[in-house]
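Reading through the structure tokens given below for one structure.
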Amino acid sequence: MTGLVPSYMLPSPVQVIKAFFEDIPLLIENSIITLKEAFIGLALGVGVGFAAAVLMDAFEILYKAFYPLLIITQTIPSVAIAPLLVLWFGYEMTPKIVLIVISTFFPVTVGLLEGLRGADKDAVGLMRSMGATRLQIFRYVKFPSSLPQLFSGLRIAAAYSVVGAVISEWLGGFGGLGVYMTRVKKAFAFDKMFAVIFLISAISLCLMALVEFSEKKCMPYRFINEKNVGSGAGGASPSPTTDRLR
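Under the numbering used here, the residue at position 14 of the sequence shown is numbered 95, and the numbers go up by one with no gaps.
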């Protein structure tokens, strides 16, 4: 707007907003494809991460065997894996979903695993002394106490799902925000590039807000306690684990 930077290098906010509204039909069409990939990949990633965390918590031998491998998988850049997935599975939705699963299962697994292994030892010991089964200990002690860590991992995974979808679309595909970005980049339409970047950021923030909303619904007691502490209310509220043990 001031003319200090050429518009072809850094478009003004007005140009970006104008480009956004001009291409709304295309952006919506491509957003639906990206969101579909992101939701399917995120659901599968959460499922795989949940199962992996529960099994590694239940069986120490699995924890020792697979946790180091889990860490190693995150040292490989997603951009390096994506071409191989396209080579193996083609340009359809499958390689994109696989890449999203790889990107999202790690924060869910680590968050839930840390929460399960950090459960109150006294409460677990009390449940065992009362003859509780592993499933009952998991249901009434370990899982409720691990929910904060699980939702922290879900927030990260939700953001990763959209980014993973866009990265996979860069390398090939027939639709999606990543394909749209590639096309406008080749056309040197940088105002449209910035418009889609802001749209991807907005989608990621919306998904994170959805996870936070779900967290408030699943753990209302946590936010009530935080509100009471912030307002200086006296007296500590009992934890959900204590309530269940009663």
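Beta carbons are placed, not taken as given, at the ideal position from N, Cα and C, and that holds for glycine. Keep in mind it's a predicted model, so treat the numbers as computed, not measured.
| Asked | Found |
| --- | --- |
| Leu107, enclosing alpha helix (DSSP H) - first and last residue | 105 to 139 |
| Separation of Ala133 from Ala146, as counted between CA atoms | 12 Å |
| Nearest-angstrom beta carbon gap, Ser249 and Ala163 [assumed within contact, 8 Å] | 5 Å |
| Three-pair Cβ contact test at 8 Å for the region 265 to 272 versus the region 124 to 141 | no |
| Distance CB(Leu252)-CB(Lys223) smaller than 8 Å | no |
| Residues near Gln230 in its chain [Cβ-Cβ closer than 7 Å; skip 5 each side] | Gly192, Leu193, Glu195, Gly196 |
| Neighbourhood of Lys273 by C-beta distance below 7 Å, restricted to the same chain and skipping five residues each side | Ala100, Asp104, Val265 |
| Leu291 vs Ser112 beta-carbon contact at 8 Å | no |
| Residues near Val189 by beta carbon distance below 6 Å, same chain, minus five either side | Val127, Gly130, Gly234, Ala238 |
| N- and C-terminal bounds of the alpha helix (DSSP H) containing Met262 | 258 to 267 |
| Proximity of Ser285 and Gly122 at Cβ, strictly below 8 Å | no |
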